[in-house]
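Asks: Residues in the sequence shown are numbered consecutively from 1, following UniProt numbering.
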Amino acid sequence: MSAQQPRHPEAADAISDEAHAEGEAPEARDQPPAHDETEPPPAKRHAPHREFAEVLREVEDLRESERRRQLELSRQQRRESSLVLRLALKEREARELQTQVRELRQAMRPAHSQVSKLLLDPAVNAEITKLREQVKEAKQKQLHAEQELEATQFQSGSIAGKKLMQKCKELQAENEQLGKELSEGQVQKLQAEAALLKDYASELRKALLETRDWVEQLHEELDASQAMIWKLRRQSRQGQETASSACAA
1 MSAQQPRHPE AADAISDEAH AEGEAPEARD QPPAHDETEP PPAKRHAPHR
51 EFAEVLREVE DLRESERRRQ LELSRQQRRE SSLVLRLALK EREARELQTQ
101 VRELRQAMRP AHSQVSKLLL DPAVNAEITK LREQVKEAKQ KQLHAEQELE
151 ATQFQSGSIA GKKLMQKCKE LQAENEQLGK ELSEGQVQKL QAEAALLKDY
201 ASELRKALLE TRDWVEQLHE ELDASQAMIW KLRRQSRQGQ ETASSACAA
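Shown next, in the form of structure tokens:
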């Protein structure tokens, strides 16, 4: 730090005067000083030294203040790094929970052709019950994660704080949506049963129409058969009568 220049011009002038005095010839230093009526008193000659000492003290104070600021900055950086790390862990946990929720949603939304089997198969019913328990556990984990996020100290104006607030809002919205879907599960079940009954009634109606068409076709065939039988009988009687007439003749 010896290369730094004094900040005050008085200190610079004092240093320049001292260097100039040291650079004089030895003869000039050995000669007694000439009496000068305009020479300042001793108190004024020592004034630059006092100012230089004050400047040095100010420089030391500034250095100490800078060291304190560096320490505070390091502490804040460590704290921010810790918060960022915790945020990354919470984000990973939130992504895992969201993945589980998506899987559970897909499992809870079977195809329309499998609704009847799901309503009748006890094994599938047990699996659905197990999935509901897993959803409940996932909701508890999500609530615990939200509580940990709220308990974490952070500055709301910082980047990490804004990210945490946004993530909390997203998790809350996801939780509300999941709760709404679970509350509507019974209604969806009844709607699925109604859809199955409606399809079954439609199939019965279609089968009844086909049966009616088949019965009408049978009636037509029966009428044609009866007409053929009467025609054959009439021809048979005519043949018998003709044969009888021929025998009588």
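Note that beta-carbon positions come from the ideal geometry of N, C-alpha and C, so glycine has one too. Small disclaimer: the values here were computed from a predicted structure and weren't measured.
List the whole-angstrom C-beta distance separating K141 from L83, where the pair is believed to meet the contact cut-off of C-beta under 8 Å.
Replies: 21 Å between Cβ atoms; not a contact.
Asks: Taking the alpha carbon of L143 as the point to measure from, which residue in V215, E174, Q188 and R237 has its own alpha carbon closest?
Replies: That would be E174, whose Cα lies nearest to the Cα of L143.
Asks: Classify V135 as buried or exposed, calling it buried when 16 or more other Cβ atoms lie within 10 Å of its own Cβ.
Replies: Counting Cβ neighbours within 10 Å, V135 comes out buried, since at least 16 surround it.
Asks: For R102, which option in Q177, Q188 and S202 has the closest C-alpha, if you only look at C-alpha atoms?
Replies: Among Q177, Q188 and S202, the Cα nearest to that of R102 belongs to Q177.
Asks: For the candidate residues A192, L208, D199 and A88, whose alpha-carbon lies nearest to that of K163?
Replies: The shortest C-alpha separation from K163 is found at A88.
Asks: Drop a sphere of 10 angstroms on the beta-carbon of R180, count the other beta-carbons inside from all chains shown, and report buried for 16 or more, exposed for fewer.
Replies: Arg is not the amino acid found at residue 180; the sequence shown has Lys there. Exposed, by the Cβ-count rule.
Asks: So, are the CB atoms of C168 and E146 less than 8 Å apart?
Replies: Their beta carbons are under 8 Å apart, which means C168 touches E146 by this criterion.
Asks: Between K90 and the rest of its own chain, which residues show a CB-CB distance below 8 Å, the 5 nearest in sequence each way excluded?
Replies: Around K90: A145, E148, L149, L164 and K167.
Asks: Taking 8 Å as the threshold (C-beta atoms), are L171 and A107 in contact?
Replies: Cβ atoms of A107 and L171: not closer than 8 Å.
Asks: By the 10 Å Cβ neighbour count, where 16 or more other Cβ atoms means buried, how is A227 classified, buried or exposed?
Replies: Exposed is the call here.
Asks: For A138, does the count of other Cβ atoms within 10 angstroms reach 16, so buried, or fall short, so exposed?
Replies: Answer is buried; the Cβ neighbour count reaches 16.
Asks: Quick one: residues in its chain with C-beta nearer than 8 Å to the C-beta of Q100, no 5 flanking neighbours on either side, listed in chain order?
Replies: Cβ within range, chain order: Q134 and A138.
Asks: Expressed to the nearest angstrom, what Euclidean distance is found between the alpha-carbon atoms of D223 and V215?
Replies: So the two alpha carbons sit approximately 12 Å from each other.
Asks: Going by beta carbon distance, what residues of the same chain come within less than 8 Å of R50, once the five residues before and after it are set aside?
Replies: Same-chain partners within the cutoff: there are none.
Asks: When you compare the CB positions of L73 and L104, do they come within less than 8 Å of one another, or not?
Replies: Not in contact: L73 and L104 (Cβ atoms no closer than 8 Å).
Asks: Q235 CB to nearest chain C CB: under 8 Å?
Replies: Given the protein chain composition of this structure (a single chain), no chain C is represented.
Asks: If we ignore side chains and look at the alpha-carbon of each, how far apart do E54 and E66 end up?
Replies: Rounded to whole angstroms, E54 to E66 spans 18 Å at the Cα level.
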